[in-house]
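**Q** The following block contains the structure, expressed as C-alpha cells.
In our numbering, the protein residues as written are 73 to 655.
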C-alpha cells in the first residue's frame, strides 16, 4: 500500500480500512529472503548437530532447561495469568463489537468447521497423548499444591477430584487464553487493518515509523518461526510415540526408535499430500473428520465405562476447578513442589507459548468476519468445555477403573505416557477396533497439525501471505518432521519437553509486548469509542435509521458513494477527526 493510502499505523485517515482495503493486498507474496534464510539456516544447523551429536545435544538442552526453570519459572506463571485476564477483559468490554474485517462482513467459515479447525490445530495430539495419562499420573502421584492429607477419610475422593482438576487447569482456560490473545492481535491486524498475516505486522503500533522497526519486525517473525517449529515438532514427536506404541500393542510391530522415525517419515509424506489441497479442503475436512472420530471414541468410552460416575464427576470437578482457579493460578513452587511444577505446569505454559504463533496465526486466518467478542468467546469457551468433557470421560474412566476394578494402569504409566491410552482401551470391549480408530485419529491429528503449522511458517517467512507458496509450505513441513526426529533421537519425550520450554522463554517477552500493542490498537478503533458504545446501548443507531432511513449507513460505509457524508459530520458534537497518524 502506498503512503497516501495508509497512515503509519496501517489505517486510512478516516478510521478502519474501507471494504476494498483488506482484499487489496495479494494473498500470495514473495518469500522474505532474509527472514527465511536466517530461520532455515539456524533450524537446519540444529537438525544437523542433533543428528550427529545426539548425546551432547541432550546434555546442552538439559542444562539450558534447568537455567530457564530456575530463573524464569515464576514469570511463566504470571504471564499465563496475564493472558487469561486480558482475554476476559477484551471479551466483556467495549471492544467486543469490533468486527475482524469490514463492518458488514460475514464469517468466512461456518461455526462447525471453524471450531473443528481451531480445536485440531490447538490441542489434537496433546489430548490424545495426555487425556488418560495425565489424570492417572496425578492420581498415582498427588500434585503437591493440592496439599491433601493421606489420613483423611476423604483422601480417595479428593485425589480423584484433584487429578481431574489439575488436568483441567493445564488444558482449559489458560492455554486457550494465550491462543485467543495471539489470534485476536493477528486477526485484527490482518482483516481489520489490511496488513499481512504475520506477527511483526501486529506490532506496528510499537515499531511503525521507527528506523529500527523493520529489523525488529524480522526479529519478531524469526522468534515466531523458531517457537512454531520446535513447539510443533514436540507435539508431532508425541504423536509419533503414540502411533508406534499402538502398532506394537495392536499389530505386533516391535517398538523401537527406528519405528518412531519411520512413523514420522510416513506421516510427513502424508502431510505433503494434504498441503497441496490448501486450508479450504485439506485442513478443513481433515479437522472435521478428527472431531467426529474423537467424539465417537469418547462416546464409546462414556457408554462402556462408568457412565453414572462420569455424569456426577463432570459438574463436581469443573465446579471445583472454577472455584479454586485463583489459588491454582498462583502456585509457583516457592514453598515446595518445585520439581513437580517444572515437570507439569511450567512445561505446559511454555508449550502453549511456543504454540501461540502457530495456533494464533492459524486461528486468525480462519476467523475473518467474526466480531471480537464472538472470536474470544469461541476460542476461550468452546474448546475449554470440550476439553473438560474429554478429560472427564477418558481420564475419569481410567481413575474409576483403577480404584474400583481389577484393572491396573500403573505399569503402563510407568513405562510412559504414550502407553496409557491403549492400556485403558484394552480394559474395555472392542479393543482392536477402537485402538485402530485411535491410531488413525492420532495420525490425522499429526497431518493436520503439520499442515496448519507449515501454512503459518510459510506466512511468517513470506511477508504475511494468506496463501503462501506450496513449495515453501512443504519445506517447512519436512523441516518440522526433521526436528521431531532429532528431538526423539537426542532424548525421547524429555528431549521434546526440554526444547519446548527453552524456545518459549524469549517468545514469552514477545507475547507480553503483543498484549500492549493489541490494547493500543483496540483503544484507537472508532468502533470501540466510549461515546459510540453508550449510544449503541441506548438504541441511538436504530433511532437514526427510523428518522432518515438506511441511506445514512450506506453512505457512511461506502467510501466511493458520490454523496458520501464524512464521518466527522456523524459524530454529533465530537468534532471531525484529524487525518494524520494516531498518537
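All C-beta atoms, glycine included, are put in the ideal place defined by N, C-alpha and C.
1) Please decide whether residue 267 counts as near chain C, where near means a Cβ-Cβ distance under 8 Å.
2) Look at the Cβ atom of residue 278, then the Cβ atom of residue 545, and state whether they are nearer than 8 Å.
3) Alpha carbon to alpha carbon, how far is residue 430 from residue 132? Give it in angstroms, no decimals.
4) For a test of the three-state rule: what should DSSP assign to residue 282, helix, strand or coil?
5) In angstroms, rounded to a whole number, what distance separates the CA positions of residue 379 and residue 501?
6) Could you tell me if residue 143 is buried or exposed, where buried requires 16 or more neighbouring beta carbons within 10 angstroms of its beta carbon?
7) Which parts of the stretch 192-238 are runs of the alpha helix (DSSP H), unbroken and 4 residues or longer, counting only runs that do not cross its ends?
8) Using the Cβ count rule (16 or more neighbours within 10 Å means buried), how would you classify residue 437?
9) Considering only DSSP beta bridges, list what residue 133 is partnered with.
10) Return the Cβ separation of residue 183 and residue 419 in integer angstroms, given the expectation that the two are a contact with Cβ distance under 8 Å.
11) Between which two residues does the alpha helix (DSSP H) carrying residue 455 extend?
12) Any idea what DSSP makes of residue 171, helix, strand or coil?
13) State yes or no: is the C-beta of residue 459 within less than 8 Å of the C-beta of residue 199?
14) Hey, is the stretch 201-216 in contact with the stretch 400-416, meaning 3+ C-beta pairs nearer than 8 Å?
15) For the pair the stretch 309-319 and the stretch 499-518, tell me if three or more CB-CB distances fall below 8 Å.
16) Does the beta-carbon of residue 581 have 16 or more other beta-carbons within 10 angstroms, so that it is buried, or is it exposed?
17) What residue range does the alpha helix (DSSP H) around residue 466 cover?
18) Quick one: Cα of residue 247 to Cα of residue 187, how far?
19) I need the straight-line Cα distance from residue 137 to residue 422, nearest angstrom please.
20) Measuring alpha carbon to alpha carbon, tell me which of 234, 522 and 491 ends up nearest residue 220.
21) Any idea what DSSP makes of residue 440, helix, strand or coil?
22) Helix, strand or coil: which one does DSSP assign to residue 541?
23) Given a cut-off of 8 Å on the beta-carbon distance, is the pair residue 204 and residue 470 in contact?
24) Only counting the same chain, and skipping five residues up and downstream in sequence, which positions put a Cβ closer than 7 Å to that of residue 252?
25) Is residue 624 helix, strand or coil by DSSP?
26) Report all residues from its chain with a CB closer than 7 Å to the CB of residue 464; omit the five preceding and five following residues, and keep chain order.
27) Under 8 Å: do the stretch 529-545 and the stretch 104-115 share three or more Cβ pairs, one atom per stretch?
28) Do the CB positions of residue 445 and residue 163 come within less than 8 Å of each other?
29) Hey, could you find the ends of the alpha helix (DSSP H) residue 418 is sitting in?
30) What is the residue span of the alpha helix (DSSP H) that residue 106 lies within?
**A** Answer, in terms of the structure:
1) The structure shown contains no chain C, having only a single protein chain.
2) Along the chain shown, one-based indexing puts residue 278 at 206. Along the chain shown, one-based indexing puts residue 545 at 473. Contact flag unset, no.
3) By 1-based counting over the chain shown, the position of residue 132 is 60. By 1-based counting over the chain shown, the position of residue 430 is 358. Computed Cα separation, rounded: 26 Å.
4) What you label residue 282 is simply residue 210 of the chain shown in a count that begins at 1. Three-state result, residue 282: coil.
5) By one-based count along the chain shown, residue 379 stands at place 307. By one-based count along the chain shown, residue 501 stands at place 429. Near 15 Å, if we compare the C-alpha coordinates of residue 501 and residue 379.
6) Translated into the one-based positions of the chain shown, residue 143 becomes position 71. Answer is exposed; the Cβ neighbour count stays below 16.
7) 196-202 and 205-212
8) What you label residue 437 is simply residue 365 of the chain shown in a count that begins at 1. Around the Cβ of residue 437, a 10 Å sphere holds 16 or more other Cβ atoms; the residue is buried.
9) For the purposes of this step, residue 133 is taken as residue 61 along the chain shown, with counting starting at 1. Its beta-bridge partners do not exist; DSSP assigns none.
10) By 1-based counting over the chain shown, the position of residue 183 is 111. By 1-based counting over the chain shown, the position of residue 419 is 347. The pair is not a contact, with the Cβ atoms about 32 Å apart (cut-off 8 Å).
11) Along the chain shown, one-based indexing puts residue 455 at 383. Note, residue 455: alpha helix (DSSP H), 444-462.
12) As a position in the chain shown, residue 171 is number 99, starting the count at 1. Of the three classes helix, strand and coil, the one that applies to residue 171 here is strand, per DSSP.
13) Residue 459 sits at position 387 when you count from the first residue of the chain shown. Residue 199 sits at position 127 when you count from the first residue of the chain shown. In this structure, residue 199 lies closer than 8 Å to residue 459 by Cβ.
14) yes
15) yes
16) As a position in the chain shown, residue 581 is number 509, starting the count at 1. By the 10 Å Cβ count, residue 581 comes out exposed.
17) The residue you call residue 466 lines up with position 394 of the chain shown. From DSSP, residue 466 is part of no alpha helix (DSSP H); its letter is neither H nor E.
18) Translated into the one-based positions of the chain shown, residue 247 becomes position 175. Translated into the one-based positions of the chain shown, residue 187 becomes position 115. Those two C-alpha atoms are separated by around 16 Å.
19) In the chain shown, residue 137 corresponds to position 65, counting from 1. In the chain shown, residue 422 corresponds to position 350, counting from 1. Looking at the two C-alpha atoms, the distance is approximately 11 Å.
20) In the chain shown, residue 220 corresponds to position 148, counting from 1. Of the candidates 234, 522 and 491, 234 places its Cα closest to the Cα of residue 220.
21) Locating residue 440 in the chain shown gives position 368, counting from the first residue. Note: residue 440 maps to coil in three-state DSSP.
22) Working through the chain shown from its first residue, we reach residue 541 at position 469. Here residue 541 sits in coil by DSSP.
23) As a first step, residue 204 is located in the chain shown; it is residue number 132 there, counting from the start. As a first step, residue 470 is located in the chain shown; it is residue number 398 there, counting from the start. Going by C-beta atoms, residue 204 is nearer than 8 Å to residue 470.
24) Position 180 of the chain shown, counted from the first residue, corresponds to residue 252. Result list for residue 252: 159, 448, 451 and 452, in chain order.
25) Position 552 of the chain shown, counting from 1, holds the residue named residue 624. Below a pLDDT of 50, predicted positions are generally treated as unreliable, and residue 624, at 47, falls in that range; no measurement from the model is reported.
26) Working through the chain shown from its first residue, we reach residue 464 at position 392. The answer, listed in chain order, is 236, 382, 385, 386 and 389.
27) yes
28) Counting from one through the chain shown, the residue named residue 445 turns up at place 373. Counting from one through the chain shown, the residue named residue 163 turns up at place 91. Yes. Within cutoff.
29) Residue 418 sits at position 346 when you count from the first residue of the chain shown. No alpha helix (DSSP H) contains residue 418, which DSSP labels as neither H nor E.
30) Residue 106 sits at position 34 when you count from the first residue of the chain shown. It spans 105-124 - the alpha helix (DSSP H) in which residue 106 sits, taken as one unbroken run.
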